Amino acid sequence: MVVGDAGYGDDATFRCELATRGLPYVMAVKPATTAHGGDAEPVVASYSGRRRRPAPLPGHARHAAGFSCSPPEVDGAL
1 MVVGDAGYGD DATFRCELAT RGLPYVMAVK PATTAHGGDA EPVVASYSGR
51 RRRPAPLPGH ARHAAGFSCS PPEVDGAL
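With UniProt numbering applied, the sequence shown corresponds to residues 1 to 78, in that order.
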């Protein structure tokens, strides 16, 4: 079990490496940190009829963090 403070918890690369290596972890994060489910999709704002239409998101914006690691599985032993 790897335990870390927000300095490590806010580092997605670090968490991804832990998950890739199969190491269970518990990390603190800053209050402003947000999380989304693995199946989350970006949403384009609807057109209100004023100004320009919203542009579609470019392909790279769909994976803003650029990581492809899966979250660790929880075994319920905590």
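Beta carbons: idealized from backbone N, C-alpha and C, even for Gly. This one's a predicted model, so the numbers in the text were calculated from it and none came from an experiment.
Taking C-beta atoms as the reference points, A28 and A6 count as a pair closer than 9 angstroms.
Inter-residue distance for K30 and R21 is about 24 angstroms (C-alpha atoms, whole angstroms). By the 16-neighbour rule on beta-carbons within 10 angstroms, R15 is buried. The three-state reading of DSSP puts Y8 in helix, counting H, G and I together. DSSP places Y25 in the uninterrupted beta strand (DSSP E) bounded by Y25 to M27. Going by C-alpha positions, V43 is about 16 angstroms away from T34.
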